[in-house]
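Visitor: This note's numbering applies: residue 228 is where the sequence shown begins, and numbers increase by one.
Using N, Cα and C, we set each Cβ at its ideal position, and we do this for glycine too.
Dropping a structure here in structure tokens format, bear with me for questions.
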Amino acid sequence: MRLVLLGPPGAGKGTQAAVLSRELGVPHISTGDLFRKNMGEETELGLEAKSYVSAGKLVPDEVTNKMVRDRLGDADAREGFLLDGFPRTLNQADVLEGMLDELGEELDAVLSFEVDEDVVVERMLARGRDDDNEDVIRHRLEVYRDETAPLLQRYRDVVVTVAAAGEVEEISARALAALAPKQA
Ligand code: AMP
């Protein structure tokens, strides 16, 4: 299965991605995790990304797209993947489409995690990541509204909506049920 997870920061995409990756047997590819790993290891990519990630801004597309292209080229992603945090802009969606076209593949579904803004702010403040202070959170939500939410329209033919409030297990069960028709 080739899946994209969409939803505002703090919607629980990362948590759900880990569960779904296990259940569906496809690698969880999180651009946020890849950036944080590179920042921790102080690689060139990490140093390039750092100022953007810390400010809650999008890392420039050319940096992000190359990182994703490299990762999707790994052997474990050949039969499927679950993208968490990519694409986040229309340009990134174009680039992803180009990569899939080259492989003769397409997305099976785009899962959209829907949750109220006050719930996501509360969740993000509770997890306490470096880029989780209130100003940065507010900025990330704005970026989501302006740059990423338009992707829902672009992907409307393959979007599957999941209500993302409640317990982790409940939400995973909903997501798996919503994907069941796509797994034929
Ligand atoms: P996340 O873990 O998905 O919330 O991502 C954390 C941060 O990594 C974001 O606020 C951005 O700074 C950066 N980032 C993650 N994915 C992307 C992407 N697709 N495009 C640009 N920046 C990204």
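(1) Quick check on this structure: which residue in Asp357, Ser339, Ala336, Pro408 has the alpha carbon closest to the alpha carbon of Val280?
(2) Given this structure, state the Cα-to-Cα distance separating Val389 from Phe313, to the nearest angstrom.
(3) Can you tell me which of the three DSSP states Phe308 falls into?
(4) If I measure Cβ to Cβ from Val295 and keep anything under 6 Å in the same chain, skipping five residues before and after, which residues do I get?
(5) With H, G and I counted as helix, E and B as strand and the rest as coil, what does DSSP make of Leu285?
(6) Between Gly259 and Asp311, what straight-line distance do the alpha-carbon atoms span, to the nearest angstrom?
(7) Could you tell me whether the stretch 340-353 touches the stretch 228-248, using the rule of 3 or more Cβ pairs below 8 Å?
(8) Measure the Cβ-Cβ separation of Ser432 and Leu233 and say whether it is below 7 Å.
(9) Out of curiosity, what's the CA-to-CA distance linking Ala404 and Phe308?
(10) In chain order, what residues of the same chain lie with their CB nearer than 8 Å to the CB of Asp303, ignoring the 5 residues before and after it?
Guide: Inspection of the coordinates gives the following:
(1) Sequence index remark: in the sequence shown, residue 280 carries index 53 (1-based). The option with the nearest alpha carbon to Val280 is Asp357.
(2) To locate residue 389, count along the sequence shown from 1; it is residue 162. To locate residue 313, count along the sequence shown from 1; it is residue 86. C-alpha separation (whole angstroms): 18 Å.
(3) Reading the sequence shown from its first residue, position 81 is the one you call residue 308. Of the three classes helix, strand and coil, the one that applies to Phe308 here is strand, per DSSP.
(4) For this step, residue 295 is matched to residue 68 along the sequence shown. Only Phe313 meet the Cβ criterion.
(5) Taking the first residue of the sequence shown as 1, we reach residue 285 at position 58. Coil.
(6) Translated into positions along the sequence shown, residue 259 becomes position 32. Translated into positions along the sequence shown, residue 311 becomes position 84. Answer to the nearest angstrom: the Cα atoms are 8 Å apart.
(7) yes
(8) As shown, the chain starts at 228 and ends at 411. That puts residue 432 outside it, with no answer to give.
(9) Reading the sequence shown from its first residue, position 177 is the one you call residue 404. Reading the sequence shown from its first residue, position 81 is the one you call residue 308. Approximately 18 Å between the Cα atoms of the pair.
(10) Looking up residue 303 in the sequence shown gives position 76. So the list reads Pro254, once near-sequence residues are dropped.
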